[in-house]
Amino acid sequence: MMDTYILLHRFPGKISLVLFLLSLLWPGIAVAASGNPAAVDGEPSRPCYAMVVEYDVPVTLRDGTTVAVDIYRPKASGRFPVLLEGSAYDKRCSTDIRMSTHTFFVPRGYVVIIWNVRGRFKSGGSFDMAALPGNDGWDMVEWAARQPWSNGKIGLVGKSYSGQILLHTAAARPPHLVCAMSALTGSDAWQWYYRGGAMEFGFSLYWGTVILGWDLAEKTLGNTPALQRWKNLLEMYLADQQTFADVIPLLDFKPAQIAPGVNLFATWASHPTADAYWKRLSPSSYFSRIEIPILHIGGWYDIFLDGTLNAFQELRQRAGAPLARRNQRLLLGPWHHSVPSYHGTRIGSVDYGPGLNQPGFNMMRLAFADYWLKDTRTPLYREDAPVSVFTMGRNCWRTAPSWPPAEAEPQVWYFHASARRKGESLNDGALSQAGPAPAAPPQTYLYDPMNPTPTRGGSGLLLFPFGPDSLVDYGQQEQGPVDKRSLTFTSGPLVHDLLVSGAVSAHLSASSSAVDTDWVVRLCDVFPDGRSLNVVEGIQRARFRESASAPSLLQPGHIYDYTVRMSATEYLFRAGHRLRITVGSSSYPRWSRNLNVAAFPEQAVEWTVARNAIHVDAAHPSWVELPILSADAVACRHGKDAAPSGERGALPMEAMPCPKPGGSEYPR
């Protein structure tokens, strides 16, 4: 059986044919398409090895370019499986270094390799965001498989942009690639920079100018006066970010202008529609070529959550082999874009308690790696439950066969005008499951792009706050200052717990005095003491209401139907709490300001104030749709509410024998 397993993984392009032919002789071989046929029950790899580190090892790619590689491996002879990350950041602080991949996995019998992509830091060649990294990734996988400390079984790891490199490498199908663990990354390149048509402004400035810009400027300008002038400009920007970022048009944002033709922010802002430029760069364009199992790791407050979920769902349908389609796995925690292992138990303003780290982020990754790279099925790896979800509000983990939950039932809550003014918002509207009144006044407000509503928490990726009500920190934050500047629609106290599980969306019947504007919708949890904490949010730029690739302007005053897609969540609203929907036209600086004119907002030089209206009458209803699970039907598996488990119990660490040092633990 082991020989069959190696055959399948060494030649993934032949998986379907091999399975078909073998099934004619041995029907039981079909299990190989469902999981790892070589896996046997066992315990998690335990820390047994000291670590040897080799820095800046040169590796030559197929075109002669040399890239720099750091190798972290067990201090022992023998051959081990390899975890490989390609990074555009300094290798010493790459995403997997910050997730403790090397310090966690190497003592447990894995080699961890981190390489800088071409043109970054000590790697040769030129860094080109428009170049697909799959071929370079292929070369690195096959190089790792040939090394004397490698057993020839390679797994990819990567978070954020390293996750993009991972997906493109998987699509290149290197023969020795067995599996991958992709964390907090997108699958559609346009949606990496745009949400509902609105630019992810704060992220794009931060990433393109500060994170990628420094090394790019040094490589482009060399040791010249021009480099020092750019560094001085960057320091001025970091000292007074709002003044620089408020520039109109955004294409004139000076710190991004490293040299003629070297301006990442301008490149992204010059492609505001979902055009061929983005399609070519999107990993999802190549999903049919991926033939390996992947563990997709997402955060409820991560900027790329939608892309993570789309990759999991699409690869279950479109991956190029049965083994891949049946072995996509999903891990969803309450994390934002920073590294999950950093947080302890507090994320944003919420402490999720000890259940968050039971059994622990890296232990769940280890279960996947042990299963595919060491042929060991540990108690944490359930082949019948590929989805692990952290339920916020209950603060525990549960497992499921799929995502989104097939058993979730849609529940509609309608917006209502209200005559009872409490001063909590611009209108203090109501939210209920009762249908709208036959005649109800539209809920109106003024949106001034020179005085935008600020971002407070959520899933953006920001470097700086704007104004006293802005808040850079992520996750759930008190929304009172934002609510006062928005329309709100608030329910009465809930009689029973309400478990929202899946993607939330709002339907708006809305009009504007402008030819374009934005609609920002947020679902909040209002506590009995009056605190309003954000749960999920979304934005829809009006011109993109019908198409991401063919925008169309508004007829001022006309009522249009909009669907504002918010992120997915799994959140338990407790009895006695209230649901709240807030509606506005900005969350700045997360999303670029819509200037309410015909030109694209990133390119416009003029602006105007818009009078916007949400209609709530029977002829023009507005509502939010919530996917609801029965709170009583969902059982926790880990955490404070976890039910007793009948699984195999783990042996104490001291009772688990280590492999003998120097042995060939995993023969080729």
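In mature numbering (1 follows the signal peptide of the UniProt record, and there is no 0), the protein residues as written are -32 to -1, 1 to 636.
Backbone N, C-alpha and C define an ideal beta-carbon position, used for all residues, glycine too.
For the alpha helix (DSSP H) that residue i lies in, which residues bound it at each end?
| i | result |
| --- | --- |
| residue 110 | 102 to 114 |
| residue 205 | 193 to 207 |
| residue 330 | 329 to 341 |
| residue 182 | 181 to 189 |
| residue 537 | Here residue 537 belongs to no alpha helix (DSSP H); instead the beta strand (DSSP E) covers 528 to 541. |
Label residue i either buried or exposed according to how many other C-beta atoms from any shown protein chain fall within 10 Å of its C-beta, with 16 as the threshold for buried.
| i | result |
| --- | --- |
| residue -7 | Low local confidence applies: a pLDDT of 40 at residue -7 is under 50, so the model's placement there is unreliable, with the coordinate-based value given in what follows. Its Cβ having fewer than 16 others within 10 Å, residue -7 is exposed. |
| residue 636 | In this predicted model, residue 636 has a pLDDT of only 26, less than 50, meaning its place in the structure is not dependable; the value taken from the coordinates is given anyway. The residue is exposed, with fewer than 16 neighbouring Cβ atoms inside 10 Å. |
| residue 116 | exposed |
| residue 259 | buried |
| residue 25 | exposed |
| residue 587 | exposed |
| residue 306 | buried |
| residue 215 | exposed |
| residue 638 | For residue 638 there is no data in the structure shown, the boundaries of the chain being -32 and 636. |
| residue 168 | buried |
| residue 50 | buried |
| residue 270 | buried |
| residue 298 | buried |
| residue 296 | buried |
| residue 464 | exposed |
| residue 344 | buried |
| residue 342 | buried |
| residue 159 | buried |
| residue 523 | exposed |
| residue 56 | buried |
Rounded to a whole number of angstroms, what is the C-alpha to C-alpha distance between residue i and residue j?
| i | j | result |
| --- | --- | --- |
| residue 280 | residue 152 | 12 Å |
| residue 380 | residue 246 | 34 Å |
| residue 241 | residue 449 | 32 Å |
| residue 333 | residue 546 | 36 Å |
| residue 113 | residue 122 | 7 Å |
| residue 589 | residue 496 | 28 Å |
| residue 15 | residue 430 | 37 Å |
| residue 486 | residue 273 | 21 Å |
| residue 71 | residue 53 | 15 Å |
| residue 554 | residue 484 | 13 Å |
| residue 29 | residue 107 | 6 Å |
| residue 491 | residue 541 | 11 Å |
| residue 407 | residue 213 | 43 Å |
| residue 183 | residue 89 | 7 Å |
| residue 617 | residue 235 | In this predicted model, residue 617 has a pLDDT of only 29, less than 50, meaning its place in the structure is not dependable; the value taken from the coordinates is given anyway. In a straight line, the C-alpha of residue 617 is about 54 Å away from that of residue 235. |
| residue 521 | residue 566 | 7 Å |
| residue 211 | residue 201 | 13 Å |
| residue 335 | residue 252 | 26 Å |
| residue 196 | residue 204 | 12 Å |
Residue range of the beta strand (DSSP E) that residue i falls in?
| i | result |
| --- | --- |
| residue 272 | That residue, residue 272, is in no beta strand (DSSP E); it is neither H nor E in DSSP. |
| residue 382 | 377 to 384 |
| residue 582 | 578 to 583 |
| residue 358 | 355 to 359 |
Just checking my contact of residue i with residue j at CB under 8 Å: how many whole Å lie between their CB atoms?
| i | j | result |
| --- | --- | --- |
| residue 404 | residue 585 | 6 Å |
| residue 104 | residue 80 | In fact, because the Cβ distance is near 18 Å, the residues do not count as touching under 8 Å. |
| residue 479 | residue 552 | 15 Å between Cβ atoms; not a contact. |
| residue 503 | residue 539 | 5 Å |
| residue 376 | residue 596 | 6 Å |
| residue 537 | residue 468 | 6 Å |
| residue 446 | residue 560 | Going by Cβ atoms, the distance from residue 446 to residue 560 rounds to 25 Å, so no, they are not a contact pair. |
| residue 290 | residue 570 | With a Cβ gap of about 43 Å, residue 290 and residue 570 do not count as contacting. |
| residue 382 | residue 370 | Residue 382 to residue 370, Cβ: 30 Å. No contact. |
| residue 155 | residue 278 | 5 Å |
| residue 171 | residue 428 | 7 Å |
Can you check which of these residues, the options, is closest to residue i by C-alpha distance?
| i | options | result |
| --- | --- | --- |
| residue 9 | 192, 257, 347, 449 | 347 |
| residue 99 | 521, 174, 157 | 157 |
| residue 223 | 184, 489, 177 | 177 |
| residue 477 | 213, 510, 75, 127 | 510 |
| residue 187 | 226, 217, 204 | 226 |
| residue 651 | 264, 290, 583 | Residue 651 is absent from the model: the chain starts at -32 and stops at 636. |
| residue 472 | 484, 378, 526 | 378 |
| residue 421 | 76, 562, 38, 600 | 562 |
| residue 21 | 28, 38, 6 | 38 |
| residue 27 | 181, 82, 144 | 82 |
| residue 13 | 316, 97, 263, 339 | 339 |
| residue 138 | 109, 459, 402 | 109 |
| residue 301 | 97, 363, 78, 532 | 363 |
| residue 594 | 77, 498, 602, 470 | 470 |
| residue 198 | 171, 219, 230 | 230 |
Shorter than 9 Å from the beta carbon of residue i to some beta carbon of chain C?
| i | result |
| --- | --- |
| residue 314 | Looking for chain C here will not work: only one protein chain is present. |
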